[in-house]
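This report concerns only the one structure given below.
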Amino acid sequence: MHPDIPIPPKPIVERPFSRMDEPFPWPNGARCAVMLTFDFDAETLWFSRDPDNARKPGILSQGIYGGRVGVHKVLDLMKEEGTPATFFTPGWTIERYPQAIERILAEGHELGHHGYLHEWVDPDFPEQEEEAMDKGLASMMKIAGIKPKGFRSPAGESSPNMIRLLTEKGFLYDSTLMDGIVPYRHELADGRPGVVEIPWHWSIDDAPQALFSVRNARPIMTNSHILEVWLEEFHEIYRWGGLVDVVMHPQISGRPSRIALLRRFIAEVRRLPGVWFATGTEVAEAYVAAEATL
1 MHPDIPIPPK
11 PIVERPFSRM
21 DEPFPWPNGA
31 RCAVMLTFDF
41 DAETLWFSRD
51 PDNARKPGIL
61 SQGIYGGRVG
71 VHKVLDLMKE
81 EGTPATFFTP
91 GWTIERYPQA
101 IERILAEGHE
111 LGHHGYLHEW
121 VDPDFPEQEE
131 EAMDKGLASM
141 MKIAGIKPKG
151 FRSPAGESSP
161 NMIRLLTEKG
171 FLYDSTLMDG
181 IVPYRHELAD
191 GRPGVVEIPW
201 HWSIDDAPQA
211 LFSVRNARPI
221 MTNSHILEVW
231 LEEFHEIYRW
241 GGLVDVVMHP
251 QISGRPSRIA
261 LLRRFIAEVR
271 RLPGVWFATG
281 TEVAEAYVAA
291 EATL
């Protein structure tokens with residue numbers, strides 16, 4: 001066996017809600033929770049992994065669109081639909097687009113932590129995880145005057161050290177992993193309870209479907225294709241009584257046709273009764289309220 005592959009520390013003890021034997025007990029008898037989340041990366045998406053891109057205005061312009069135009073079109077739609085959203089935002093983006101951040105908060109949406117420069121987690125360098133977290137927290141306090149309750153790690157990767165940091169720094173929840181369709185609580189290595197995890201999945205993320213890069217070219221999917229994928233996922237999760245955590249990016253879903261897609265998705269979701277649109281904090285608090293009964 002490869003030396004980096006660990007021996008299973010202990011068996012996972014399944015609970016009924018983990019197997020989805022019954023719907024999760026959402027507030028007010030809701031059947032399903034839907035989170036509309038936006039990773040407001042702006043330019044950091046393009047230079048965090050390739051610093052040379054910081055000198056390439058054509059590449060950066062996709063991220064700039066997200067900060068100048070896309071995020072505001074998303075906010076316009078959220079206002080039109082009366083739906084709450086959660087914006088996971090790197091500290092650099094908060095410093096670069098303070099007016100957008102001010103509007104996000106003024107209109108009642110949640111601002112979550114997303115690193116400082118959209119840094120990918122590397123388990124070999126745990127000190128860098130804390131540095132990025134602290135810089136992001138400092139930016140949020142300086143520009144927005146808040147300490148966030150939620151965190152999403154860039155690129156869907158985490159580490160035991162990251163979960164410990166989130167817990168010790170007072171976060172309520174993380175939304176990075178893909179191991180369920182309802183919230184659950186982490187357990188730290190020393191047995192202490194950790195943060196609440198709010199799972200997501202690539203199938204309901206706009207990036208695999210519509211993000212384009214010349215260096216990694218792939219087809220740009222039509223709205224009808226994306227809508228079909230998202231609604232098929234939504235309908236089965238609704239049947240199970242779980243959580244639909246939609247992951248979007250203002251530089252992608254803030255494009256004209258994608259705004260139309262999101263409007264259509266919201267309308268289709270609302271055709272079914274008992275759908276609860278919620279922020280990350282609201283979902284995590286719903287888990288905490290029900291935790292003793294699970």
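If you use the UniProt record's numbering, the sequence shown closes out at 294, no skipped numbers anywhere. Here a beta-carbon is modelled for each residue, glycine too, at the ideal position from N, C-alpha and C.
inquiry  = Tell me which residue opens and which closes the alpha helix (DSSP H) that residue 287 is part of.
reply    = Along the sequence shown, read from residue 1 onward, the residue named residue 287 stands at position 287. Here the alpha helix (DSSP H) through residue 287 covers 280-290.
The region 101-113 in contact with the region 122-132 per 3-pair CB rule at 8 Å = no
ask   = Mapping DSSP to helix, strand and coil, what is residue 221?
value = For this step, residue 221 is matched to residue 221 along the sequence shown. Three-state DSSP puts residue 221 in coil, outside helix and strand.
request  = Could you check the C-alpha separation between residue 172 and residue 113 for me, to the nearest Å?
outcome  = Here residue 172 refers to the residue found at position 172 of the sequence shown. Here residue 113 refers to the residue found at position 113 of the sequence shown. Going by the C-alpha atoms only, they are around 12 Å apart.
Per-residue DSSP class, three states only, for residue 1 = By 1-based counting over the sequence shown, the position of residue 1 is 1. Residue confidence is low: residue 1 scores 48 on pLDDT, short of 50, so the model does not pin down where it sits. Its coordinate-derived value is still stated next. Coil.
task = For residue 154, count neighbouring Cβ atoms within 10 angstroms of its own Cβ and tell me buried if that reaches 16, exposed if not.
result = Translated into positions along the sequence shown, residue 154 becomes position 154. Burial call: buried.
ask   = Candidates 137, 80, 32: which alpha carbon is nearest residue 151's?
value = Translated into positions along the sequence shown, residue 151 becomes position 151. Comparing Cα positions, the closest option is 137.
task = Using only alpha-carbon positions, find the residue among 149, 118, 123 that is nearest to residue 135.
result = Here the question's residue 135 lines up with position 135 in the sequence shown. Comparing Cα-Cα distances from residue 135 to each of 149, 118, 123, the minimum goes to 118.
key: Beta-carbon separation (whole angstroms), residue 198 vs residue 280, contact threshold 8 Å   = Counting from one through the sequence shown, the residue named residue 198 turns up at place 198. Counting from one through the sequence shown, the residue named residue 280 turns up at place 280. Between residue 280 and residue 198 the Cβ distance is about 6 Å, and since that is below 8 Å, they are a contact.
query = Closest Cβ-Cβ distance between residue 115 and chain D: below 7 Å?
reply = No chain D is part of this structure, which consists of one protein chain only.
key: Same chain, Cβ closer than 6 Å to residue 235, neighbours up to 5 away in sequence not counted   = Residue mapping note: residue 235 aligns to position 235 of the sequence shown, counting from 1. Closer than 6 Å at the Cβ level, and outside the excluded window around residue 235, lies no residue.
task = Using DSSP bridges, identify the partner residues of residue 243.
result = Taking the first residue of the sequence shown as 1, we reach residue 243 at position 243. Paired residue(s): 33.
inquiry  = List, from N- to C-terminal side, the beta strand (DSSP E) runs of 3 residues or more that fit wholly inside the region 172-216.
reply    = 184-187, 193-197
inquiry  = Just to confirm my understanding: we take residue 98, look at its own chain, exclude 5 residues before and 5 after, and list those with CB closer than 6 Å. What are they?
reply    = Within the sequence shown, residue 98 is the residue found at index 98, counting from 1. These residues qualify, in order along the chain: 143.
request  = Indicate the three-state DSSP secondary structure (helix, strand or coil) for residue 134 in the structure shown.
outcome  = Residue numbering aside, residue 134 sits at position 134 when the sequence shown is read from its first letter. Of the three classes helix, strand and coil, the one that applies to residue 134 here is helix, per DSSP.
ask   = Opposite residue 276 in the DSSP bridges: which residues?
value = For the purposes of this step, residue 276 is taken as the residue at position 276 of the sequence shown. 33, per the DSSP bridge assignment.
inquiry  = Please list the terminal residues of the continuous beta strand (DSSP E) segment that includes residue 87.
reply    = Working through the sequence shown from its first residue, we reach residue 87 at position 87. That run of the beta strand (DSSP E) goes 86-89.
query = Hey, out of 53, 232, 221, whose CA is closest to residue 258's CA?
reply = Position 258 of the sequence shown, counted from the first residue, corresponds to residue 258. Out of 53, 232, 221, 221 has the C-alpha closest to the C-alpha of residue 258.
Boundaries of the alpha helix (DSSP H) in which residue 108 is found, first to last residue = Walking along the sequence shown from the start, residue 108 turns up at place 108. Per DSSP, residue 108 belongs to no alpha helix (DSSP H) and is neither H nor E.
key: Paired residues, beta bridge with residue 249 - DSSP   = The count along the sequence shown starts at 1 and reaches residue 249 at position 249. In the DSSP output, where bridge partners are listed per residue, residue 249 has none listed.
query = Cβ atoms of residue 201 and residue 39: under 7 Å apart, would you say?
reply = For the purposes of this step, residue 39 is taken as residue 39 along the sequence shown, with counting starting at 1. For the purposes of this step, residue 201 is taken as residue 201 along the sequence shown, with counting starting at 1. Cβ atoms of residue 39 and residue 201: not closer than 7 Å.
request  = Over the uninterrupted alpha helix (DSSP H) stretch that includes residue 65, give me the two end residues.
outcome  = Here residue 65 refers to the residue found at position 65 when the sequence shown is read from its first residue. Unbroken alpha helix (DSSP H) run through residue 65: 57-65.
inquiry  = Taking contact to mean 3 or more Cβ pairs, one atom from each stretch, closer than 8 Å, check whether the region 87-96 and the region 38-53 are in contact.
reply    = yes
ask   = Per DSSP, residue 112 forms a beta bridge with which residues?
value = Walking along the sequence shown from the start, residue 112 turns up at place 112. BP columns for residue 112 point to 88.
Residue 151 - partner residues in DSSP beta bridges = As a working note, residue 151 is residue 151 in the sequence shown. Paired residue(s): 113, 174.
request  = Could you name the residues of the same chain whose beta carbon sits closer than 7 Å to that of residue 211, not counting the 5 residues immediately before and after it, in chain order?
outcome  = The count along the sequence shown starts at 1 and reaches residue 211 at position 211. Closer than 7 Å at Cβ, skipping near neighbours: 252.
request  = Buried or exposed for residue 277, please, with buried defined as at least 16 other CB atoms from any protein chain shown within 10 angstroms of its CB.
outcome  = To locate residue 277, count along the sequence shown from 1; it is residue 277. With 16 or more Cβ atoms within 10 Å of its Cβ, residue 277 is classed as buried.
Cβ shell of residue 304 (< 8 Å), same chain only, five flanking positions each side left out = Outside the shown range of the chain (1 to 294) lies residue 304, about which nothing can therefore be said.
ask   = Just how far apart, CA to CA, sit residue 294 and residue 34?
value = Mapped onto the sequence shown, residue 294 falls at position 294. Mapped onto the sequence shown, residue 34 falls at position 34. Computed Cα separation, rounded: 20 Å.
message = I'd like the span of the alpha helix (DSSP H) that includes residue 53, first residue to last.
response = Numbered from 1 along the sequence shown, position 53 holds the residue referred to as residue 53. No alpha helix (DSSP H) holds residue 53; DSSP gives it neither H nor E.
key: residue 38 in three-state terms, based on DSSP   = If you number the sequence shown from 1, residue 38 lands on position 38. Residue 38 falls in the strand class under three-state DSSP.
key: alpha helix (DSSP H) segment containing residue 49, residue limits   = Counting from one through the sequence shown, the residue named residue 49 turns up at place 49. Here residue 49 belongs to no alpha helix (DSSP H), and DSSP marks it neither H nor E.
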